[in-house]
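Numbering (mature numbering (1 follows the signal peptide of the UniProt record, and there is no 0)), first residue to last: -20 to -1, 1 to 166.
We put the beta carbon where it would ideally sit given N, CA and C, even for glycine.
Data block below; observations after.
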């Protein structure tokens, strides 16, 4: 009887130990195992929600934001002429990226631009930060003399890094999109 209780106790300890290890592993994987697509989709949904709040109907249709250009920066789409243009504009070395995506306003009266990147490894992060800083300088040069309200959005731009993930946010309320980024990468 004592042997059965002892074995049951050992099994229970082993079970709880494995459960504890499993939870820790899942949390760590959650921070690094998040796909860019998940982050992008949540950001697009938030932008669509904000657009709906100001009267824009069907802002997100079939997964595509209306009046925005979107492009995967790693897997170029031959049917999307923006892919090549945006890679050249940003001067990103594709060898530095595991994944990347850009969402930008289609019309040149709106400075909205969101860039989400995942570096191939953390040694590439500093170079990608420089790319994003140069993009902000380019946006400043474009908007500072053109439309003051859009220039204000650029001045409030957020560039943030979490591990190999980077985000660049020029948006009316960048903190809303930053919150999504932070929550996805907990």
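DSSP state of residue 17, grouped into three classes?
Residue state, collapsed to three classes: helix.
Under 6 angstroms Cβ to Cβ from residue 101, same chain only, skipping five residues before and after it: list those, please.
The answer is none, since no qualifying residue turns up.
What are the start and end residues of each continuous beta strand (DSSP E) run of 3 or more residues lying completely inside the region 43 to 80, in chain order?
Counting whole runs of 3 or more residues, the region 43 to 80 contains the beta strand (DSSP E) stretches 48 to 52.
Suppose you measure from the CA of residue 62 to the CA of residue 122; what does that come to, to the nearest Å?
Rounded to the nearest angstrom, the two C-alpha atoms are 19 angstroms apart.
Mapping the DSSP letters down to three states, classify residue 145 as helix, strand or coil.
Of the three classes helix, strand and coil, the one that applies to residue 145 here is strand, per DSSP.
Which residue marks the beginning of the alpha helix (DSSP H) containing residue 118, and which one marks its end?
From DSSP, the alpha helix (DSSP H) with residue 118 extends over 105 to 123.
Around the C-beta of residue 154, are 16 or more other C-beta atoms found within 10 angstroms, so that it is buried, or is it exposed?
It is buried - the Cβ of residue 154 has at least 16 other Cβ atoms within 10 Å.
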